[in-house]
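The block underneath contains the structure these notes are about, expressed in structure tokens.
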Ligand SMILES: NC(=O)c1ccc[n+]([C@@H]2O[C@H](COP(=O)([O-])OP(=O)(O)OC[C@H]3O[C@@H](n4cnc5c(N)ncnc54)[C@H](O)[C@@H]3O)[C@@H](O)[C@H]2O)c1
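Residue numbers (my numbering): -4 to 258.
Here's what the structure looks like:
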């Protein structure tokens, strides 16, 4: 028996791969030999990451588009597929903490539909759009992997982050249905549910709290007393996307330093 995660010949589209978790995912898939299609809303970020991966010897292509735009996502995915071969692996990673980041946290009773929209657009519609666009060719080719990055918030709830939690729970629910509908075609779909990470998304929070009692209180709930880093996530995603992952589907796997088991 050999244990290897050889993704050579596979093409992976990673959304929001311009920084943070997505960037870590791009490094890991490139190390596994996959061709990485680097998506980000910010073209400069997608181009920079693709360039760095290519400098390190990997095959990488920037594919900037807005995941919330159904037509743009469908067009970009169709074009990327037509250039060479269709996409084998989709990692739905692009996400946000709303229009104003963590500053926008507030009790649900104080929110309006205008506050909900930015969370729902990226964290739920973005996943719907990209998943819908990649599925037909996966079905046609009888092989595919979809990995969606969700959050502990979607499983446990999040006081002052209810709409983010709802959007992530919605995306996780979509994954289960995709797994049910498509397992027979050699397609798996799984979620990775993250705990508190240290990435550019949450850096303002960490920087502001530094060694504060608030930061210590958050970390005290994590048996592994540190926030997660992109590399903590990336290799599980590679496993799920590999041939070794063919009997793991419809699952939500926590990567959270033990947070939820310790609750
Ligand atoms: N950071 C955390 O603590 C944490 C915790 C749980 C879950 N998550 C999830 O992990 C994922 C990655 O988070 P991160 O911390 O790396 O975030 P990040 O903000 O550091 O990076 C996200 C990237 O996605 C891109 N992006 C945003 N909107 C987009 C759009 N509409 N289309 C295409 N790209 C877009 C951004 O430009 C950015 O480069 C997200 O889905 C997030 O919800 C993060």
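Every residue, glycine too, gets a C-beta built ideally from N, C-alpha and C.
Please read all numbers here as calculations on a predicted model, not as lab measurements.
Exercise. My understanding is that residue 247 touches residue 145, with C-beta atoms under 8 Å, so please give their C-beta distance in whole angstroms.
Key: Position 252 of the chain shown, counted from the first residue, corresponds to residue 247. Position 150 of the chain shown, counted from the first residue, corresponds to residue 145. Confirmed, about 7 Å.
Exercise. Quick one: which unbroken beta strand (DSSP E) runs of 3-plus residues sit fully inside the region 2 to 40? Chain order, please.
Key: 6 to 9 and 30 to 33
Quiz prompt | Proximity to residue 34 [Cα-Cα], best of 170, 3, 68 and 25 | solution = Residue 34 sits at position 39 when you count from the first residue of the chain shown. When only C-alpha atoms are compared, the closest one is 68.
Practice problem: Please state whether DSSP places residue 228 in a helix, a strand or coil. | Solution: The sequence position of residue 228 within the chain shown is 233, counting from 1. DSSP places residue 228 in helix when its eight states are reduced to three.
Practice problem: Consider the C-beta atom of residue 61 and the heavy atoms of ligand 1; say whether any pair is separated by less than 7 Å. | Solution: Locating residue 61 in the chain shown gives position 66, counting from the first residue. Result yes, Cβ under 7 Å from ligand 1.
Self-check item: Beta-ladder partner(s) of residue 189, from DSSP
Solution: Mapped onto the chain shown, residue 189 falls at position 194. Partner(s): 146 and 250.
Quiz item: Going by alpha carbons, who is nearest to residue 254 out of 231, 226 and 212?
Solution: Residue 254 sits at position 259 when you count from the first residue of the chain shown. Closest option to residue 254, Cα to Cα, is 212.
Quiz item: Is the beta carbon of residue 56 less than 8 Å from the beta carbon of residue 71?
Solution: Residue mapping note: residue 56 aligns to position 61 of the chain shown, counting from 1. Residue mapping note: residue 71 aligns to position 76 of the chain shown, counting from 1. Going by C-beta atoms, residue 56 is not nearer than 8 Å to residue 71.
Quiz item: Based on the DSSP secondary-structure assignment, which residues constitute the bridge partners of residue 122?
Solution: Working through the chain shown from its first residue, we reach residue 122 at position 127. According to DSSP, residue 122 bridges with nothing at all.
Quiz item: Quick one: does the C-beta of residue 49 sit closer than 7 Å to a heavy atom of ligand 1?
Solution: Reading the chain shown from its first residue, position 54 is the one you call residue 49. For ligand 1, not one heavy atom lies less than 7 Å from the Cβ of residue 49.
Quiz item: What number of angstroms, rounded off, separates the C-alpha of residue 250 from the C-alpha of residue 17?
Solution: Here residue 250 refers to the residue found at position 255 of the chain shown. Here residue 17 refers to the residue found at position 22 of the chain shown. Rounded to whole angstroms, residue 250 to residue 17 spans 15 Å at the Cα level.
Quiz item: Which one of 82, 66 and 170 has the shortest CA to CA distance from residue 134?
Solution: What you label residue 134 is simply residue 139 of the chain shown in a count that begins at 1. It is 82 whose Cα lies nearest to the Cα of residue 134.
Exercise. Just mark residue 63 as buried or exposed, buried being the case when its beta carbon has 16 or more other beta carbons within 10 Å.
Key: As a working mapping, residue 63 is identified with position 68 in the chain shown. Buried, by the Cβ-count rule.
Exercise. Identify which residue in 225, 174 and 49 has its Cα closest to the Cα of residue 15.
Key: Position 20 of the chain shown, counted from the start, is the residue given in the question as residue 15. Selected option, being the one with the closest Cα: 225.
Exercise. Just the C-alpha distance for residue 3 and residue 209, rounded to the nearest angstrom, thanks.
Key: The count along the chain shown starts at 1 and reaches residue 3 at position 8. The count along the chain shown starts at 1 and reaches residue 209 at position 214. The straight-line gap from Cα to Cα measures roughly 44 Å.
Quiz item: Less than 7 Å between the CB of residue 35 and some heavy atom of ligand 1, yes or no?
Solution: If you number the chain shown from 1, residue 35 lands on position 40. Yes.
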